DNA sequence: CAATTTATAGCACCGAATGCCAAAATGGAA
DNA sequence: TTCCATTTTGGCATTCGGTGCTATAAATTG
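Residue numbers (our numbering), protein chains in the order written: chain A, 120 to 329; chain B, 120 to 329.
The structure is reproduced here in structure tokens:
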């Protein structure tokens with residue numbers, strides 16, 4: 120958990136002192152995802168990952184808090200971007216429009232990242248252990264959205280209104296992601312956009328058919 | 120998992136042969152929830168639960184597949200009821216109305232059940248391990264709703280439309296439940312009703328304020 | 001070279017969960 | 001009653017994820 124100062128955004132470069140890390144989060148993630156992809160998540164032990172990276176089991180847990188976390192990569196960063204987008208939006212723009220555009224914007228990925236992302240999302244939406252863990256990660260996402268909604272309509276983020284919007288929005292985003300991961304459409308942002316437009320219309324049956 | 124024939128709904132009573140069970144699922148659940156409530160979920164080990172019931176650790180796992188499952192009680196039965204309600208609805212009634220009424224109906228509980236339900240929901244929505252596991256259970260709920268939506272608008276349950284509706288609906292239901300469990304409103308069905316009405320209006324900002 | 005800093009390896013340990021097998025308890029039939 | 005089939009239980013061994021503690025290895029600085 121206590122990552123090195125190098126990872127911090129501020130402070131002087133501060134030349135590395137002490138023993139050099141034997142690997143990196145990226146390295147560990149690559150090795151782990153490769154194993155997950157080849158032999159399955161449950162069939163891969165932490166010992167195997169550690170061995171593949173050339174590091175001890177104990178050291179693996181210094182890079183990631185758990186085996187599950189590896190699949191999530193740098194999800195935290197995306198969360199910060201979402202919060203910024205929502206905060207900087209014009210108060211004139213309708214709430215659900217702001218939300219849709221913010222989610223779409225935070226989910227733009229380069230062509231080079233899409234393959235790995237699809238592997239990650241495929242795992243997250245199919246392996247029970249990871250489906251389970253996703254609820255914990257997504258809860259943070261919901262907190263951000265609920266905070267934004269409460270700021271718009273008043274009251275606290277814990278009230279029914281903000282909670283319902285946040286969790287329904289999460290559902291729309293998850294639907295878009297899993298559909299994109301399952302089928303071979305390259306258009307992730309398009310799926311997200313469509314899902315949020317359905318959400319904002321209250322799922323009008325006529326438009327749903329279209 | 121392989122429960123006794125006694126639990127089956129059909130077949131002759133078939134007088135009990137063989138050794139009699141030392142306890143029951145209800146017994147185990149009571150003892151476990153009591154411990155969870157007093158000393159916390161993570162702080163309660165399976166050994167303690169087993170001891171409280173007067174049974175061995177190994178036997179505990181014959182009544183529940185996991186420690187997590189205890190909190191969920193007979194959730195499966197509710198799922199069946201939801202599926203029936205949705206299937207038996209008139210095709211004239213708007214989709215979102217059917218959905219709202221079905222979810223409200225399957226979540227009516229007697230006054231005597233509400234206290235225990237609140238404890239269960241409080242745990243499910245606050246203990247990380249259980250928050251995580253809820254995603255697995257709720258996935259079955261989503262499958263039911265997605266199947267219903269696909270039947271209404273055409274296509275398969277895996278398509279974006281049904282998936283978005285199902286997951287958003289789940290979000291609304293979860294919001295209602297957690298708000299109800301947190302605050303001291305006795306009106307669970309009212310919360311569910313309100314959440315689904317918000318959902319069906321596309322979260323109109325004006326109504327959200329109300 | 002010594003001191004300090006940082007990362008690592010390895011060990012012991014806990015708790016959840018599973019497979020396996022022997023033993024206990026029950027009803028029914030010989 | 002005795003024996004058998006049936007069902008549940010208990011205990012053991014094992015696997016795996018995760019954590020705390022400690023000693024040691026590798027690096028910079030003086």
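Glycine included, C-beta positions come from ideal geometry on N, C-alpha and C. Fair warning: this is a prediction, and the values are worked out from it, not measured in the lab.
Could you tell me if residue 233 of chain A is buried or exposed, where buried requires 16 or more neighbouring beta carbons within 10 angstroms of its beta carbon? Working through the first chain from its first residue, we reach residue 233 of chain A at position 114. Burial call: exposed.
Step through the CB atoms of chain A and report whether any lies within less than 8 Å of the CB of residue 240 of chain B. In the second chain, counting from the first residue as 1, residue 240 of chain B sits at position 121. So, not an interface residue.
How would you call residue 177 of chain A, buried or exposed, if buried means at least 16 neighbouring beta carbons within 10 angstroms? Position 58 of the first chain, counted from the start, is the residue given in the question as residue 177 of chain A. With fewer than 16 other Cβ atoms within 10 Å, it is exposed.
Please state if the CB of residue 142 of chain B and the CB of residue 174 of chain B are separated by a distance shorter than 8 Å. Residue 174 of chain B sits at position 55 when you count from the first residue of the second chain. Residue 142 of chain B sits at position 23 when you count from the first residue of the second chain. The answer is yes: Cβ separation under 8 Å.
Of all the CB atoms in chain B, is at least one closer than 8 Å to the CB of residue 283 of chain A? Indexing the first chain from 1 puts residue 283 of chain A at position 164. Closer than 8 Å to the CB of residue 283 of chain A there is at least one CB belonging to chain B.
Check distances from the C-beta atoms of the region 266-277 of chain B to those of chain A and list, in chain order, the residues that come in under 9 Å. Within the region 266-277 of chain B, the residues whose Cβ lies closer than 9 Å to some Cβ of chain A are 268, 271, 272, 273, 274 and 277, listed in chain order.
Element boundaries [alpha helix (DSSP H), containing residue 273 of chain B]: Within the second chain, residue 273 of chain B is the residue found at index 154, counting from 1. From DSSP, residue 273 of chain B is part of no alpha helix (DSSP H); its letter is neither H nor E.
Does DSSP put residue 204 of chain B in a helix, a strand or coil? On the second chain, position 85 is the one that residue 204 of chain B refers to. Helix at residue 204 of chain B.
Sequence-distant residues of the same chain with beta carbon closer than 7 Å to residue 280 of chain B, five excluded per side: The residue labelled residue 280 of chain B in the question sits at position 161 within the second chain. Closer than 7 Å at the Cβ level, and outside the excluded window around residue 280 of chain B, lie 268, 272 and 274.
For the region 293-312 of chain A against the region 303-320 of chain B, are there 3 or more C-beta pairs whose distance is under 8 Å? Note that the region 293-312 of chain A does not touch the region 303-320 of chain B; fewer than 3 beta-carbon pairs, one per stretch, sit closer than 8 Å.
So is residue 138 of chain B buried or exposed if we call it buried at 16+ other beta carbons inside 10 Å? Here the question's residue 138 of chain B lines up with position 19 in the second chain. With fewer than 16 Cβ atoms within 10 Å of its Cβ, residue 138 of chain B is classed as exposed.
Would you say residue 220 of chain A reaches chain B, if we count a Cβ-Cβ gap shorter than 8 Å as a contact? On the first chain, residue 220 of chain A is found 101 positions in, with the first residue counted as 1. Nearest CB-CB separation between residue 220 of chain A and chain B: not below the 8 Å threshold.
Under 6 Å Cβ to Cβ from residue 205 of chain B, same chain only, skipping five residues before and after it: list those, please. Reading the second chain from its first residue, position 86 is the one you call residue 205 of chain B. Same-chain partners within the cutoff: 221 and 267.
Unbroken stretches of the alpha helix (DSSP H), 4 residues or longer, contained in the region 160-218 of chain A: Whole alpha helix (DSSP H) segments, 4+ residues: 165-172, 176-182 and 194-206.
Within 8 Å of chain A by C-beta, residues of the region 294-321 of chain B in sequence order: Identification of residues in the region 294-321 of chain B having a C-beta nearer than 8 Å to some C-beta of chain A yields 294, 295, 297, 298, 301, 310, 313, 314, 317, 318, 319, 320 and 321, given in sequence order.
Interface residues of chain A facing residue 213 of chain B [CB-CB closer than 8 Å]: In the second chain, counting from the first residue as 1, residue 213 of chain B sits at position 94. Neighbours of residue 213 of chain B on chain A, chain order: 324.
Excluding the 5 residues preceding and the 5 following residue 228 of chain B in the sequence, name in chain order all residues of the same chain whose CB lies nearer than 8 Å to its CB. In the second chain, counting from the first residue as 1, residue 228 of chain B sits at position 109. Counting only Cβ-Cβ distances below 8 Å, and skipping sequence neighbours, we find 236 and 307.
In whole angstroms, give me the CA-to-CA distance for residue 323 of chain A and residue 217 of chain B. Translated into the one-based positions of the first chain, residue 323 of chain A becomes position 204. Translated into the one-based positions of the second chain, residue 217 of chain B becomes position 98. Taking the straight line joining both Cα atoms gives about 13 Å.
Just the Cα atoms here: how many angstroms apart are residue 158 of chain B and residue 260 of chain A? The sequence position of residue 158 of chain B within the second chain is 39, counting from 1. The sequence position of residue 260 of chain A within the first chain is 141, counting from 1. Those two C-alpha atoms are separated by around 29 Å.
Check this for me: beta carbons of residue 187 of chain A and residue 249 of chain A, under 8 Å apart or not? Position 68 of the first chain holds residue 187 of chain A. Position 130 of the first chain holds residue 249 of chain A. If you check the CB distance, residue 187 of chain A and residue 249 of chain A come in under 8 Å.
So for residue 155 of chain A, helix, strand or coil by DSSP? Sequence index remark: in the first chain, residue 155 of chain A carries index 36 (1-based). Collapsing the DSSP output to three states places residue 155 of chain A in a helix.
Exposed or buried, which one is residue 207 of chain A when buried takes at least 16 other CB atoms within 10 Å? On the first chain, residue 207 of chain A is found 88 positions in, with the first residue counted as 1. Burial state of residue 207 of chain A is exposed, judged by a 10 Å Cβ sphere holding fewer than 16 other Cβ atoms.
Reduced DSSP secondary structure (H/G/I, E/B, other) of residue 302 of chain B: Numbered from 1 along the second chain, position 183 holds the residue referred to as residue 302 of chain B. Coil, per DSSP.
Along the region 148-174 of chain B, what residues have a CB closer than 7 Å to any CB found in chain A? Cβ contacts with chain A: none found.
Compare the beta carbon distance of residue 172 of chain B and residue 146 of chain B with 8 Å and say whether it is the shorter of the two. In the second chain, counting from the first residue as 1, residue 172 of chain B sits at position 53. In the second chain, counting from the first residue as 1, residue 146 of chain B sits at position 27. Their beta carbons are under 8 Å apart, which means residue 172 of chain B touches residue 146 of chain B by this criterion.
Identify the contact partners of residue 251 of chain A in chain B, using a Cβ-Cβ distance below 7 Å as the criterion. What you label residue 251 of chain A is simply residue 132 of the first chain in a count that begins at 1. Ordered by position in chain B, the residues that pass the 7 Å Cβ test against residue 251 of chain A are 251, 252, 254 and 255.
Which residues of chain B have a Cβ atom closer than 7 Å to the Cβ of residue 206 of chain A, listed in chain order? Locating residue 206 of chain A in the first chain gives position 87, counting from the first residue. Simply none; closest approach about 18 Å.
Find the residues of chain B that neighbour residue 258 of chain A, judging by a C-beta separation of less than 8 Å, and give them in chain order. Here the question's residue 258 of chain A lines up with position 139 in the first chain. The CB of residue 258 of chain A comes closer than 8 Å to the CB of 250 in chain B, given here in chain order.
In the structure shown, what three-state DSSP assignment does residue 245 of chain B receive? As a position in the second chain, residue 245 of chain B is number 126, starting the count at 1. Secondary structure at residue 245 of chain B: coil, using DSSP grouped into helix, strand and coil.
Show which residues of chain B have a CB atom less than 7 Å away from the CB atom of residue 328 of chain A. Taking the first chain and counting its residues from 1, one reaches residue 328 of chain A at position 209. For residue 328 of chain A, the C-beta contacts it makes with chain B under 7 Å involve 272 and 273, in order along the chain.
Considering residue 139 of chain A, what are the terminal residues of the alpha helix (DSSP H) in which it resides? Taking the first chain and counting its residues from 1, one reaches residue 139 of chain A at position 20. Element bounds for residue 139 of chain A: n/a, residue is neither H nor E.
Going by the C-beta, is residue 273 of chain A closer than 7 Å to any heavy atom of the ligand PLP? The model on display carries no ligand, and the ligand PLP is accordingly not part of it.
Is the Cβ-Cβ distance between residue 326 of chain A and residue 320 of chain A less than 8 Å? In the first chain, the residue the question calls residue 326 of chain A occupies position 207. In the first chain, the residue the question calls residue 320 of chain A occupies position 201. Yes.
Residues of chain B with CB closer than 7 Å to the CB of residue 289 of chain A, please, in chain order. Walking along the first chain from the start, residue 289 of chain A turns up at place 170. Counting only Cβ-Cβ distances below 7 Å, residue 289 of chain A has contacts in chain B at 290, in chain order.
Please state whether DSSP places residue 309 of chain A in a helix, a strand or coil. Along the first chain, one-based indexing puts residue 309 of chain A at 190. Of the three classes helix, strand and coil, the one that applies to residue 309 of chain A here is helix, per DSSP.
For a test of the three-state rule: what should DSSP assign to residue 321 of chain A, helix, strand or coil? For this step, residue 321 of chain A is matched to residue 202 along the first chain. Coil at residue 321 of chain A, not helix or strand.
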